[in-house]
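Here is the structure we will look at.
What follows is the structure in structure tokens.
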């Protein structure tokens, strides 16, 4: 119901965010590459990201309310996996919903961003000040913990979902092949979780002032080379992060 596009997007998204560990310049270059799509970006986002996520979420909620768990009667690992798959799916829906609001504000309209999202402390990310605004958005410890829990739920849901998909599609049918696939999916989940932790850590260790200086220099260089037209709405005001 969307495992491949949603899973692929999550992997790429976490890898891009983790590139912040290599410095604000690297992260800004990666974000610039994404926004180089210009007016095509909303179409790409809705076609390959938002609509698959919405479809997957709707199907998932339907499964949660129609399926039955039998962990109490049959406490086998597969039954617990089934229950955790549904639970992490629900957590992931809430996480993604709030994550988009927290960083982007749901609707790409100035009236909504300035009148609704920003007064609530949301819509914090600015693509041409990527590292500095992400670091400010994750200042303190409340939001980092929220992201850690949310990423963990998404990673488990993806890793276990791949294992389940393999059984459904007949990719691993014998007990031995299922056991091997379980180990491979588990290892993949651990590695992806490390990438997720790296993305959060990268934001936490970023010096906002230094990052802002680098971002502004890169932005000005692109303006002077006529690679980019001035887009103040995609930049941030200089605001001190919370301690």
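In our numbering, the protein residues as written are 1 to 243.
Idealized CB from N, CA, C, for every residue including glycine.
Grab me the residues of residue 60's own chain with a C-beta within less than 6 angstroms of its C-beta, minus the 5 sequence neighbours each way, in chain order. Locating residue 60 in the chain shown gives position 60, counting from the first residue. 89.
In the DSSP assignment, find the alpha helix (DSSP H) that holds residue 216 and state where it starts and stops. Position 216 of the chain shown, counted from the start, is the residue given in the question as residue 216. Residue 216 -> alpha helix (DSSP H) spans 208–224.
In three-state terms, what does DSSP make of residue 132? Position 132 of the chain shown, counted from the first residue, corresponds to residue 132. In this structure, residue 132 counts as helix in the three-state DSSP scheme.
Need the endpoints of the alpha helix (DSSP H) that residue 183 sits in, please. Residue numbering aside, residue 183 sits at position 183 when the chain shown is read from its first letter. Counting along the chain, the alpha helix (DSSP H) containing residue 183 begins and ends at 175–204.
Per DSSP, what kind of secondary structure is residue 27 in: helix, strand or coil? Position 27 of the chain shown, counted from the first residue, corresponds to residue 27. Here residue 27 sits in helix by DSSP.
Inter-stretch contact at 8 angstroms, needing at least 3 Cβ pairs: the stretch 117–137 / the stretch 185–195: No, the stretch 117–137 is not in contact with the stretch 185–195.
Cα-Cα, which of 98, 132 and 140 is closest to residue 150? Mapped onto the chain shown, residue 150 falls at position 150. With respect to the C-alpha of residue 150, the residue from 98, 132 and 140 having the closest C-alpha is 98.
One question on the structure: do residue 153 and residue 92 come within less than 8 angstroms of each other, judged by their Cβ atoms? Residue 153 sits at position 153 when you count from the first residue of the chain shown. Residue 92 sits at position 92 when you count from the first residue of the chain shown. In this structure, the beta-carbon distance from residue 153 to residue 92 falls below 8 angstroms.
Ignore the nearest five residues each way along the sequence and tell me which others in residue 156's own chain have a CB closer than 7 angstroms to its CB. In the chain shown, counting from the first residue as 1, residue 156 sits at position 156. Cβ neighbours of residue 156 beyond the five flanking positions: 84, 88 and 189.
Give the single residue among 23, 32, 16 and 8 whose Cα lies nearest to the Cα of residue 222. By one-based count along the chain shown, residue 222 stands at place 222. It is 32.
Between the C-alpha atoms of residue 107 and residue 42, what's the straight-line distance to the nearest angstrom? Here residue 107 refers to the residue found at position 107 when the chain shown is read from its first residue. Here residue 42 refers to the residue found at position 42 when the chain shown is read from its first residue. Distance between the alpha carbons of residue 107 and residue 42: 11 angstroms.
Under the assumption that residue 159 contacts residue 186 (Cβ atoms under 8 angstroms), give the Cβ distance between them as a whole number of angstroms. Here the question's residue 159 lines up with position 159 in the chain shown. Here the question's residue 186 lines up with position 186 in the chain shown. By a beta-carbon distance limit of 8 angstroms, residue 159 contacts residue 186. Their separation comes to about 7 angstroms.
Where residue 124 falls: helix, strand or coil (DSSP): Within the chain shown, numbered from 1, the residue matching residue 124 stands at position 124. Coil at residue 124, not helix or strand.
Range of the contiguous alpha helix (DSSP H) that encloses residue 86: Taking the first residue of the chain shown as position 1, residue 86 is located at position 86. 77–103 is the extent of the alpha helix (DSSP H) around residue 86.
Rounding to the nearest angstrom, what Cα-Cα distance links residue 168 and residue 26 in this structure? As a first step, residue 168 must be located in the chain shown, where it is residue number 168. As a first step, residue 26 must be located in the chain shown, where it is residue number 26. For residue 168 and residue 26, the distance between alpha carbons rounds to 40 angstroms.
As assigned by DSSP and simplified to three states, the class of residue 171: Looking up residue 171 in the chain shown gives position 171. Residue state, collapsed to three classes: coil.
Compare the Cα-Cα distances from residue 36 to each of 213, 127, 171 and 140 and report the closest residue. Working through the chain shown from its first residue, we reach residue 36 at position 36. Per the C-alpha coordinates, the member of 213, 127, 171 and 140 positioned closest to residue 36 is 127.
Here's a check: name, in chain order, each residue in its chain whose Cβ is nearer than 7 angstroms to the Cβ of residue 129, leaving out the five neighbours to either side. Within the chain shown, residue 129 is the residue found at index 129, counting from 1. Only residues of its own chain outside the window of five on either side were considered, and among them 212, 215, 235 and 236 have a CB closer than 7 angstroms to the CB of residue 129, listed in chain order.
What residues in its chain sit with their C-beta under 8 angstroms from that of residue 206, if we drop five residues either side in the sequence? In the chain shown, the residue the question calls residue 206 occupies position 206. Answer for residue 206: 20, 24, 131, 132, 134 and 135, listed in chain order.
If I follow the unbroken alpha helix (DSSP H) through residue 22, where does it start and stop? Numbered from its first residue, the chain shown carries residue 22 at position 22. Boundaries cannot be given for residue 22, as no alpha helix (DSSP H) includes it and DSSP labels it neither H nor E.
Give me the Cα-Cα distance between residue 111 and residue 101, rounded to the nearest whole angstrom. Against the chain shown, residue 111 aligns to sequence position 111. Against the chain shown, residue 101 aligns to sequence position 101. About 15 angstroms.
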